[in-house]
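Just so we're aligned: the sequence shown equals residues -7 to 531 in this note's numbering.
Quick notes on the structure that follows.
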Amino acid sequence: MGDERPVGPLERGLRVMEVIGGASSPPRPADLVPATGLVRSTVDRVLSTLEATGYLRSRGREVAATPRMMEAGNAYLSALDPDRFLARRAAALADELDESVSLAVPDGDGVRFVGQSPRRRSLSVAFRIGDLLPAERCAPGPLFAAEWGDELWRAWEARVTGGPRGRRFSVSPFAEPSVIEGFRGRVADFRASGRSLDEEFLEPGLIAVAVPVRAATGGALLALSVVSHTSRHTAESLYEQVREPVAACVAEMEEHLARPPRAEEPLPPGTEANAELKERLGAHFLQSLDRGLAVLHALGARPGGLTISEAAAATGQPRATARRALLSLAELGYVREDGRHFRLLPRVLDLGYRRVSEMTFEQLARPHLRDLVVKVHDSASVAVLDGTDIRYVARAQASRLMRADIHIGTRFPAYATAMGRVLLAGLPEPEAAGLIARSERRAFTPFTLTGADELGEAVAAARRDGYALVDQELETGLRSLSVPVHAEGRAVAALNLAVPATAEPVGEMCERLLPHLAAAARAIDADLAALTRHQPLTL
């Protein structure tokens, strides 16, 4: 790499993103100054750039990460498991064993979790994708340490004897010299037995067994762990019970990993974005940070990474600019230079992935509802289908003297609401018809549709048009306009505007409001796509 130093704005921006990603709550700009060691003016410029490009959102005096902060982590996970075979197979093993199953990768002297299939019990595992654990405190640690070189062993020993940590672990590492002999013994035991045990090293009562999933070259690419509790097993009895199913699972994973990679499709030509932001924001927009993040995310376009020329083409940047960004990212530990290619490293999961992955559906939708209310001055809501009802899961109230008294958790019959008809339209026709048939269809107003046939036609219209309008059917004087919200290829929720019935013709009202409603739904769709790319959706 020569004597080139990392690009300053990129290094400082990534530092801010890591601090925000590791914070227990949204920080204030002033909090970021001591946490990053940067001066306030630099922090403000970084925040201005990240907010302008959609990674952050101001929330009063605080800054909150948006789902776009998951992009780099999603790209790394997709490169590791392009067709999600490993994740699906681990989930199947968890179902078979009725125990939690985790996937982890080595990350320096730590272990980074990249997959979770937990069991829902009163005592259950609370790991998250992206969590970084000290190697000495978990089952996969000895497995990966068996392949450490002398330099990494020296760095680990320095840490556990009280030296600087230099990284944020999700649990406190051990820091006492007596750990060294015990951990080296666990490494030797793994080499002899082919499995590694966690006998309450991480937490009292928690036990686990880990085995390697090896790459074609023979090295441990992943660790597969089965996690349980001392109320159910000892570590040894857990291993004896799960040994054969785990061996079968690992064999399938290794066979899958050994298959020749699919032919790579040509990368679409990139166009450098956000030039208008630089012009509009001037010195408050750090173009080097924006360009570096674009290069970082582009590396996820192919599992094998990109060359400098490919990264430049994918981002629309000059080759020299992309090269400086890649070398900086490699120097900072987010990227590995492998021959001519650059590949993402698990450290990118520190760039907000864990923080944002905890976001609830209501937290995700709320900012979009607020923005929508500001634009149209009517109350906005999101609801999901719950049996024959809809149930409100997010809401933003408009400032009106007359307004509906609706709260999160409020339920209404699906057949009589615009949100219900949009959600019914997202179901197969026989299923939607069955829900209508099972509904206790009563007239709330003289305008309420109650007949099965006419309701079926209203649902078919919503399916055809992509939206539903209910005009004073649930309550006299209230109109409701709704569009679907999508995730994982299906309608999972409905976004709604509640509008007073006025002299404005219904057609003109739809023409005025639908573009704003549809744009808000697309924004929620995009956030949901980032949130659910490598974890299931919980409504």
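C-beta atoms are modelled at their ideal positions from N, C-alpha and C, and glycine is treated no differently.
Predicted model, so just to flag it, every value in this text is computed and none were measured.
Pull up the CB-CB distance for residue i and residue j, whole angstroms please, since I reckon it's below 8 Å.
i, j, result
"Glu415", "Ala406", "The sequence given here places Leu at residue 415; Glu does not occur at that position. Indeed they touch by this definition, with Cβ atoms about 6 Å apart."
"Val205", "Gly186", "Contact doesn't hold; Cβ gap of about 12 Å is too wide."
"Ala131", "Ser217", "5 Å"
"Ala537", "Ile199", "The requested residue 537 does not occur in the structure, where the chain is confined to residues -7 to 531."
"Glu88", "Pro237", "6 Å"
"Leu319", "Leu6", "Contact flag wrong, Cβ pair sits at about 14 Å."
"Leu39", "Val25", "Not confirmed; about 11 Å, so no contact."
"Ala82", "Val93", "5 Å"
"Phe537", "Asp381", "Summary: the structure shown does not reach residue 537, with the chain confined to residues -7 through 531, and so no result is reported for it."
"Leu523", "Met351", "7 Å"
"Leu291", "Val327", "7 Å"
"Phe439", "Asp463", "7 Å"
"Leu509", "Pro492", "Contact doesn't hold; Cβ gap of about 16 Å is too wide."
"Val340", "Gly65", "6 Å"
"Arg525", "Ala57", "That pair is no contact at about 16 Å."
"Ala521", "His289", "No, Ala521 and His289 are not in contact; Cβ-Cβ is about 14 Å, not under 8 Å."
"Arg53", "Arg20", "5 Å"
"Phe136", "Ala184", "Incorrect: roughly 16 Å between the Cβ atoms, too far for contact."
Which of the three DSSP states, helix, strand or coil, is assigned to residue i?
i, result
"Val414", "helix"
"Val498", "helix"
"Pro21", "helix"
"Leu115", "The pLDDT assigned to Leu115 is 49, lower than 50, so where the model puts this residue is not dependable; a value taken from the coordinates is nonetheless given after this. In the structure shown, Leu115 sits in coil (DSSP, three-state: anything other than H, G, I, E or B)."
"Glu195", "coil"
"Val35", "helix"
"Phe182", "helix"
"Gly102", "strand"
"Leu509", "helix"
"Pro476", "strand"
"Val462", "strand"
"Leu529", "coil"
"Ala138", "coil"
"Gly262", "coil"
"Arg129", "helix"
"Phe175", "helix"
"Ser170", "helix"
"Thr524", "helix"
"Arg224", "coil"
"Thr313", "helix"
"Ile516", "helix"
"Leu42", "helix"
"Ser391", "coil"
"Pro26", "helix"
"Arg120", "coil"
"Leu319", "helix"
Is any heavy atom in the ligand ATP found nearer than 7 Å to the beta carbon of residue i?
i, result
"Asp73", "For the ligand ATP, the structure offers nothing, since it holds no ligand at all."
Please list the terminal residues of the continuous beta strand (DSSP E) segment that includes residue i.
i, result
"Val374", "371 to 378"
"His221", "212 to 221"
"Asn488", "482 to 492"
"Tyr384", "381 to 388"
"Arg51", "48 to 51"
"Glu54", "54 to 57"
Across which residues does DSSP place residue i in a beta bridge pair?
i, result
"Arg328", "Arg335"
"Gly107", "Leu95"
"Val547", "Here the chain has residues from -7 to 531 only, and residue 547 is not among them."
"Leu470", "Pro492"
"Ala200", "Asp190, Val219"
Residue i lies in the alpha helix (DSSP H); which residues open and close that run?
i, result
"Asp142", "142 to 152"
"Leu291", "First-last for Leu291: undefined, no H or E at that position."
"Val238", "227 to 250"
"Ser188", "No alpha helix (DSSP H) contains Ser188, which is instead part of the beta strand (DSSP E) from 188 to 191."
"Ile300", "300 to 307"
"His360", "353 to 368"
"Arg347", "345 to 349"
"Ala207", "Careful: Ala207 lies outside any alpha helix (DSSP H) and carries neither H nor E."
"Leu605", "This structure does not reach residue 605, given that the chain is present from -7 up to 531, and the question cannot be answered."
"Val8", "0 to 14"
"Glu257", "Careful: Glu257 lies outside any alpha helix (DSSP H) and carries neither H nor E."
"Ala82", "77 to 89"
"Arg272", "267 to 273"
"Glu63", "63 to 72"
Original post:
Counting only runs that start and end within the stretch 396 to 459, where is the alpha helix (DSSP H) found for 4 or more residues in a row?
Top reply: Qualifying alpha helix (DSSP H) stretches, in chain order: 410 to 417, 421 to 430, 444 to 457.
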